[in-house]
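Take a look at the structure below.
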Amino acid sequence: MSKKEIPQDELPEDATNIIGEKKSKEELLNLDQDDESLTRWKQSLIKENTEDEYGENDKRQVIIKELRVIVKDREDIVFEMEPEEKLKDLKKNPFVLKEGCEYRFKIIFIVRKDIVTGLKWMNFVYKKGIRVDKSNEMIGSYAPQSEPYEYLTPMETAPSGMMARGQYKAKSRFLDDDLNSHLEYEYAFRIRKKWPEEEK
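Right, here's the structure in full:
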């Protein structure tokens, strides 16, 4: 997906109109060679790109494997993101948060083929068709490797009160600094006064 296909109000606030030329791993490593600490950092990022289970014909650079909603003292809510056909279930089967609960997300993902810089997870939350929240979570820059990475978002508190309760729809997108969209999907959730088992 190109930047032109992303609505302006869904771009990161720090997005620019000019996207720099994509550089290879070797070109990145040769930049700023006089800065030893920077060179060591780049060398730690640029690892050998090993073969993976997806094969050469799969052109994806970032693959989101799993998304977890973590709430203290409760079992994780787990969403399998692979294969991508499973993403349809996220919208059909809303998860539930109790008002005022503390929660966070865990993202499990693979980077392949090349370094991804400035990976971001953008969320747009709607209630009754009106956007009520926009978030831009910076995940970071990662080198390709066969083992999945894990990223934990900061803890958040679900809103409380009668006006906050109800069903929400959301749209998510994983973008990098070059505004490549690695995954886009929709999901739904409900905020209730009690957990489902407490309402029985």
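Counting from 1, position 43 in the sequence shown corresponds to residue 65 in the numbering used here; the numbering is continuous, with no gaps. C-beta: ideal position from N, C-alpha, C; glycine also. What you are looking at is a predicted structure, and each value in this text was computed from that prediction instead of being measured.
Nearest-angstrom Cα separation, counted from residue j out to residue i
i	j	result
Glu121	Lys216	7 angstroms
Asn39	Leu109	Caution is warranted here: a pLDDT of 44 is assigned to Asn39, below 50, making its placement in the model unreliable, and the coordinate value is therefore given only provisionally. When rounded, the distance between both Cα atoms is 31 angstroms.
Glu106	Val100	15 angstroms
Ser203	Glu35	16 angstroms
Leu201	Ile137	14 angstroms
Ile85	Glu208	16 angstroms
Met184	Tyr164	42 angstroms
Beta-carbon proximity of residue i to residue j, cut-off 8 angstroms
i	j	result
Glu124	Thr175	no
Gly151	Asp199	no
Trp143	Phe196	yes
Tyr76	Arg134	yes
Pro170	Ile130	yes
Same chain, Cβ closer than 6 angstroms to residue i, five either side skipped, listed in chain order
i	result
Gly157	Just to set this straight, residue 157 is Ser in the shown sequence, not Gly. Answer for Ser157: Asn145, listed in chain order.
Glu221	none
Endpoints, beta strand (DSSP E) assigned at residue i
i	result
Leu119	Phe117 to Lys120
Lys142	Val138 to Lys149
Leu197	Gly188 to Leu197
Residues of its chain near residue i, where Cβ-Cβ distance is below 7 angstroms and the 5 sequence neighbours each way are ignored
i	result
Arg126	Ile92, Leu174, Thr175, Pro176, Met177 and Glu178
Lys113	Glu208, Tyr209 and Ala210
Closest residue to residue i among the options (Cα-Cα distance)
i	options	result
Lys87	Glu102, Asp98, Lys81 and Ile28	Glu102
Glu32	Glu104, Glu206 and Ala165	Glu206
Asn115	Ala192, Glu221 and Glu220	Ala192
Extent of the continuous alpha helix (DSSP H) run through residue i
i	result
Glu87	As written in the sequence, residue 87 is Lys, which differs from the Glu given in the question. Unbroken run through Lys87 is the beta strand (DSSP E), Val84 to Val93; no alpha helix (DSSP H).
Residue i Cβ short of 7 angstroms to the ligand MG heavy atom set
i	result
Lys87	Questions concerning the ligand MG fall outside what the structure shown contains, since it holds no ligand whatsoever.
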